[in-house]
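Here the numbering used here runs 23 ahead of the position in the sequence shown, where the first position is 1.
Just so it is clear, CB atoms sit at the ideal spot from N, CA and C, and this is done for glycine as well.
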Amino acid sequence: MAGFLDKEGIVAGPGFNRWLVPPAALAVHLCIGMAYGFSVFWLPLSRALGVQEPIACAPDIGFLEQLVSTACDWPISTLGWMYTLFFVFLGSSAAVWGGWLERAGPRKAGVVSALCWCGGMLVSALGVHLHQFWLLLVGSGVIGGVGLGLGYISPVSTLIKWFPDRRGMATGMAIMGFGGGAMIGSPLAVDLMQYFATPGDVGVSSTFVVMALGYFVFMMAGALGYRVPPAGWRPAAWAPRPAKGTQTMVTLRHVHVSRVWGIPQFWLVWMVLCMNVSAGIGMIGMASPMLQEVFGGSLIGVAKKFAELDLSERAAVASAAAGFTALLSLFNIAGRFFWSSLSDKMGRKRTYCLFFVLGSLLYLSIPSSATSANIALFVVALCAIVSIYGGGFAAIPAYLADLFGTQMVGAIHGRLLTAWATAGVLGPVLVNYMREYQLGRGIATEQVYNQTMLVFTGLLLVGLVCNLMVRPLADRYFMTEAELIQEKRLAHETLPSTGSTPVDGAARNANGAAVVALAWAAVGIPLAWGFYRSVQSAAQFFS
């Protein structure tokens, strides 16, 4: 079994079509991307014992007591710790085990990811059944978080090596799947909870079990579909060309992952990702309440501020906001593919400059659209901001490959994801602190977000300065020829005896085309279903 999973056992042979690799990566990312959609479980879990109404804990109960209490339901604020642990362990596990992944190969990492992510969901199902919150934290938060990290970075290096001519597009396709995971998983989870719900059970435990089993099959199919190209492989009719213009940042040499902590460019790119994500994740987290509080009754044709609405009107406004959230998810996914593909043409540095300049203008436009009650301008601005947020994630692996080479780009990407973990704390904290501070000063509810937009603009300007400071690496940071040969040996890479092998060009036959079509259908059909459900939800916003 070990040999079947090892990197040297998955080197592609003649006739293999490289277009089989992106759907394999998508299969993994569409499953772990459900981490974004776990909020659909919060409300049912908050009444897991009471079912109809939550059973409140005693006022003096502490967090540690809540971990093991079977006498009261978990508050939503407590359940949110699962979400925090997801992304803390995603970043830390990707950083710690990224080097192992480069040597073990994507298939072994994908299998471990499937075991952790799906095993964690089963542990969480047991935690719900026994009403032990610590099992949910250990299961989905810690074990599942490790699965997230390994699954997220598992295809990055492989895709970049298969698509040296389209680095941004290739990684964008996979990371698009992570953004699309919740688009599929959230409505599926809601349907399953409704199916399994009884007068005495909210249906979450059974839903966890069914989704874990389904995800395991899908993720294993994706992991087993991974193939790595032979060392020295390149696409037919393509060859690296001397860097020109925006491509001066692209290197043909390689940096070892152990050196990146001491390279200034790594920290500059770290700041680029952290600033973009901090602003974006903060905006996504408050998009729905901000829409409701800023526009209030105008969302449903009622000339009232949010505080003046009655319960039925607030429910209608919340329904419109839910449709708006679904619309944002579509732009998040589309942005991951669009912007990363565009970066192949523009160059990564110019693309991120565009992100920061355009993003700053969009954030600055939001207070004026709120003041003038221009809902259309507000919606357009937020949709564009969210697309930039997604594009920033998708283009970053290609940026790293341009700067640090492809040999250990997956491991380097893993270390860079600590910026995501940092931003996951920084963005929401800034939003919540600024909102409470403004309310404390007596600022009207519809105006409390104006200062926050200025803070986010400041974050993007910091990111812009850092991006402008990125320069090609000095020679001393790259591996020598001897070090590269040693690293290839440790990574179980063997140079082909007859030069480069244009594998992709050898796969143009009817059988190969049918297999590729089947692979893409396997991920395309769930994506289409999720898209349809999201469009249904988004339509509520315009009705």
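Open item on the list: I need the DSSP call for T221, collapsed to helix, strand or coil.
Closed with: Here the question's residue 221 lines up with position 198 in the sequence shown. Here T221 sits in strand by DSSP.
Task: Whole-angstrom C-beta distance between P129 and Y249, which should lie under 8 Å - done: One-based indexing of the sequence shown puts residue 249 at position 226. One-based indexing of the sequence shown puts residue 129 at position 106. 4 Å between Cβ atoms; contact.
TODO: Just the C-alpha distance for L21 and L171, rounded to the nearest angstrom, thanks.
DONE: Residue 21 is absent from the structure shown; the chain starts at 24 and stops at 566.
Open item on the list: Quick check on DSSP: helix, strand or coil for V251?
Closed with: In the sequence shown, residue 251 corresponds to position 228, counting from 1. It is a strand residue.
Open item on the list: Just to check my reading of the structure: Q563 and A343 have Cβ atoms closer than 8 Å, yes? What is that Cβ distance to the nearest angstrom?
Closed with: Taking the sequence shown and counting its residues from 1, one reaches residue 563 at position 540. Taking the sequence shown and counting its residues from 1, one reaches residue 343 at position 320. The Cβ separation is near 6 Å, so the contact holds.
Open item on the list: Nearest by alpha-carbon distance to G195: which of A446, A417, L462 and L449 is it?
Closed with: Sequence index remark: in the sequence shown, residue 195 carries index 172 (1-based). For the residues A446, A417, L462 and L449, the minimum Cα distance to G195 belongs to A417.
TODO: State the DSSP-derived secondary structure class of V135, mapped to helix, strand or coil.
DONE: Counting from 1 along the sequence shown, the entry for residue 135 is found at position 112. V135 falls in the helix class under three-state DSSP.
Open item on the list: For a test of the three-state rule: what should DSSP assign to V34, helix, strand or coil?
Closed with: Translated into the one-based positions of the sequence shown, residue 34 becomes position 11. If DSSP states are grouped into helix, strand and coil, V34 belongs with the strands.
- [ ] Please name the residue, chosen from L291, P420 and T441, that lies closest to M492 on a Cα-to-Cα basis.
- [x] If you number the sequence shown from 1, residue 492 lands on position 469. M492 has its Cα closest to that of L291, out of L291, P420 and T441.
Open item on the list: Would V340 and I356 be called neighbours here (beta carbons separated by less than 7 Å)?
Closed with: Looking up residue 340 in the sequence shown gives position 317. Looking up residue 356 in the sequence shown gives position 333. No.
Task: DSSP state of Q559 mapped onto helix, strand, coil - done: Here residue 559 is taken as the residue at index 536 of the sequence shown, counted from 1. Q559: helix per DSSP, three-state reduction.
- [ ] For Y460, name the three-state secondary structure that DSSP assigns.
- [x] Here residue 460 refers to the residue found at position 437 of the sequence shown. The answer is helix: DSSP assigns Y460 an H, G or I state.
- [ ] Count the other C-beta atoms from every protein chain shown that fall within 10 angstroms of the C-beta of A467, then say buried if there are 16 or more, exposed otherwise.
- [x] One-based indexing of the sequence shown puts residue 467 at position 444. A467 comes out exposed.
Open item on the list: Short of 6 Å in beta carbon distance, which residues of its chain neighbour F289, apart from the five on each side in sequence? Order them along the chain.
Closed with: Your numbering for residue 289 matches position 266 in the sequence shown. Closer than 6 Å at the Cβ level, and outside the excluded window around F289, lie V283.
Task: Alpha-carbon spacing of W123 relative to S180, whole angstroms - done: As a working mapping, residue 123 is identified with position 100 in the sequence shown. As a working mapping, residue 180 is identified with position 157 in the sequence shown. Going from the Cα of W123 to the Cα of S180 covers about 13 Å.
Open item on the list: For I78, tell me which candidate among F64, I548, F61 and P98 has the shortest Cα-Cα distance.
Closed with: As a position in the sequence shown, residue 78 is number 55, starting the count at 1. Out of F64, I548, F61 and P98, the CA that lies nearest to the CA of I78 is found in P98.
- [ ] Indicate whether S635 and F231 have their beta-carbon atoms separated by less than 7 Å.
- [x] There is simply no residue 635 to check, as the chain begins at 24 and stops at 566 in what is shown.
TODO: Output the distance between the C-alpha atoms of A345 and V454, rounded to the nearest integer angstrom.
DONE: The residue you call residue 345 lines up with position 322 of the sequence shown. The residue you call residue 454 lines up with position 431 of the sequence shown. The straight-line gap from Cα to Cα measures roughly 20 Å.
- [ ] Could you tell me whether the Cβ atoms of L215 and V233 are closer together than 7 Å?
- [x] One-based indexing of the sequence shown puts residue 215 at position 192. One-based indexing of the sequence shown puts residue 233 at position 210. Yes, the pair counts as a contact, with Cβ atoms nearer than the cut-off.
Task: For Q315, the first and last residue of its enclosing alpha helix (DSSP H) - done: In the sequence shown, counting from the first residue as 1, residue 315 sits at position 292. Looking at the DSSP string, the run of the alpha helix (DSSP H) that includes Q315 is P287 to F318.
Task: Euclidean distance between Cα positions of G553 and G208 - done: Position 530 of the sequence shown, counted from the first residue, corresponds to residue 553. Position 185 of the sequence shown, counted from the first residue, corresponds to residue 208. The straight-line gap from Cα to Cα measures roughly 8 Å.
Open item on the list: Within a Cβ cutoff of 7 Å, which residues of the same chain sit near T480, ignoring the five residues on either side of it in sequence?
Closed with: On the sequence shown, residue 480 is found 457 positions in, with the first residue counted as 1. Same-chain partners within the cutoff: S383, Y386 and L387.
Task: Three-pair Cβ contact test at 8 Å for the stretch 105-124 versus the stretch 483-503 - done: In this structure the stretch 105-124 does not touch the stretch 483-503; the number of beta carbon pairs closer than 8 Å is below three.
TODO: Over the uninterrupted alpha helix (DSSP H) stretch that includes A628, give me the two end residues.
DONE: Residue 628 is absent from the structure shown; the chain starts at 24 and stops at 566.
- [ ] Output the residue ranges of the beta strand (DSSP E) runs that lie fully inside the stretch 364-402 and measure 3 residues or longer, sorted by chain position.
- [x] Fully enclosed beta strand (DSSP E) runs of 3 or longer: not present.
TODO: Under 6 Å Cβ to Cβ from Q509, same chain only, skipping five residues before and after it: list those, please.
DONE: Residue 509 sits at position 486 when you count from the first residue of the sequence shown. Result list for Q509: empty, nothing under 6 Å.
Open item on the list: If you reduce the DSSP assignment to three classes, tell me which class Q430 lands in.
Closed with: On the sequence shown, residue 430 is found 407 positions in, with the first residue counted as 1. Residue state, collapsed to three classes: coil.
Task: CB contact flag (L567, A235, <7 Å) - done: Here the chain has residues from 24 to 566 only, and residue 567 is not among them.
Open item on the list: Quick check on DSSP: helix, strand or coil for G324?
Closed with: Numbered from its first residue, the sequence shown carries residue 324 at position 301. Note: G324 maps to coil in three-state DSSP.
TODO: State buried or exposed for L314, treating a residue as buried only when at least 16 other CB atoms are found within 10 Å of its CB.
DONE: Counted from its first residue, the sequence shown places residue 314 at position 291. Result: buried.
- [ ] Please report how far the alpha carbon of H436 lies from the alpha carbon of A118, in whole angstroms.
- [x] One-based indexing of the sequence shown puts residue 436 at position 413. One-based indexing of the sequence shown puts residue 118 at position 95. Spanning the two alpha carbons is a distance of roughly 8 Å.
Open item on the list: Taking 7 Å as the limit between beta carbons, can you name the residues of its chain near Q12, skipping five residues before and five after?
Closed with: Only positions 24 to 566 of the chain appear in this structure, which leaves residue 12 out of reach.
Task: Minimum length 4: unbroken alpha helix (DSSP H) runs contained in the stretch 174-230 - done: The stretch 174-230 contains these whole alpha helix (DSSP H) runs: 179-185 and 190-219.
Task: Spatial neighbours of A60 in its chain, beta-carbon cut-off 6 Å, leaving aside the 5 residues before and after - done: Reading the sequence shown from its first residue, position 37 is the one you call residue 60. Note that residue 60 is Gly in the sequence shown here, rather than Ala. These residues qualify, in order along the chain: A205, G208 and S209.
Open item on the list: Let's see if you can read the secondary structure: which residues bound the alpha helix (DSSP H) around R512?
Closed with: As a working mapping, residue 512 is identified with position 489 in the sequence shown. E504 to L513 is the extent of the alpha helix (DSSP H) around R512.
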